[in-house]
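Written out below as structure tokens is the structure these notes cover.
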Amino acid sequence: MLRRLIHACTDILREAYDSQSEVEGVLSKAQQDIFDILKDQKQRTYQSINVVLNETFAEIERLHHMDHTGIIGVPSGYVDLDNMTAGFQKGDLIILAGRPSMGKTAFGLNIARNAAVEANVPIGVFSLEMSAMQLVQRLLCAESEIDSQRLRTGRLRENEWPKLSRFAGRLAESPIFIDDTAGLDILKLSARARRMSLEKDVGLIIVDYL
């Protein structure tokens, strides 16, 4: 393990001194190399079936003593979807496709809100086109049921302010983390996603693009 770490650090130093290397590329590779070492430290190359059986039964018993909602992953908040998936599972890659202005962003934000606010699951959101403020405005509109045009222009009715403040307080306490950096390529995005996962222990990452 130490030998791998020394080798990785040597490579990082060499690339850092290479004037042809791009800073973001070097940082991304350095982070990936260290992350791989940390991950491999916890992984086994092989294991006895007896060990797997013990772990399997322990997991079955854990699930048996749960609240029997059938949700063992990150809940979306949509009953029919959760019944089919049992919640989003670790390692899942889910692509939501649709034509422009069909509600993909709204649907993704609703999932983020449901998981974070109702289930207290840390959620990461990467928005490559909309700003963090625009996303939060959408969340506030969905949460408070206030007309989006009035909220965007600040023309709220007097009776809407208490409602907005109440729902803003709920969102403020929820573990949602937003990165609205525009123009991220796949290397930068993956590096930031890994960092967010390590620092905030997010259960789901949503990437809103196109």
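Basically the working numbering = 1-based index in the sequence shown + 46. We treat Cβ as the ideally placed atom computed from N, Cα and C, and that holds for glycine.
Membership of residue 134 in any beta strand (DSSP E) is not indicated, and neither H nor E is assigned to it by DSSP. Sequence-distant Cβ neighbours of residue 171 in its own chain, meaning closer than 6 Å and more than five residues away, are 158, 224, 252. Cβ neighbours of residue 70 within its own chain (closer than 6 Å, five residues either side excluded): 234. In the DSSP assignment, residue 217 is bridged to no other residue.
Annotated three-state conformation of residue 254 is strand, per DSSP. Burial of residue 169 is indicated by the presence of at least 16 other C-beta atoms within 10 angstroms of its C-beta. Within the DSSP secondary-structure output, residue 95 pairs in no beta bridge. Under the three-state reduction of DSSP, residue 182 is assigned to helix. Pairwise C-beta distances place the segment 159 to 168 out of contact with the segment 202 to 209, as fewer than three of them are shorter than 8 Å.
Residue 248 sits in coil when the DSSP states are folded into three classes, being neither helix nor strand. Judged by DSSP in its simplified three-state form, residue 167 adopts coil rather than helix or strand.
When 185, 152, 130 are compared, the shortest CA-CA separation from residue 218 is found for 185.
For residue 225, the enclosing beta strand (DSSP E) has its first and last residue at 222 to 225. Straight across, the Cα-Cα distance linking residue 84 with residue 244 is about 11 Å. Here residue 167 is buried: its Cβ has 16 or more other Cβ atoms, across all protein chains shown, within 10 Å. Under DSSP, residue 172 takes part in a beta bridge, and its partners are 225, 253. Judged by DSSP secondary structure, residue 61 falls within the alpha helix (DSSP H) whose first and last residues are 48 to 63.
Using a Cβ distance threshold of 8 Å, residue 149 and residue 134 do not count as a contacting pair.
Closest in C-alpha terms to residue 52, from the list 137, 80, 110, comes 80. Separation of residue 57 and residue 250 (C-alpha to C-alpha, rounded to the nearest whole angstrom) is 32 Å. Per DSSP, the unbroken alpha helix (DSSP H) holding residue 157 starts and ends at 150 to 159.
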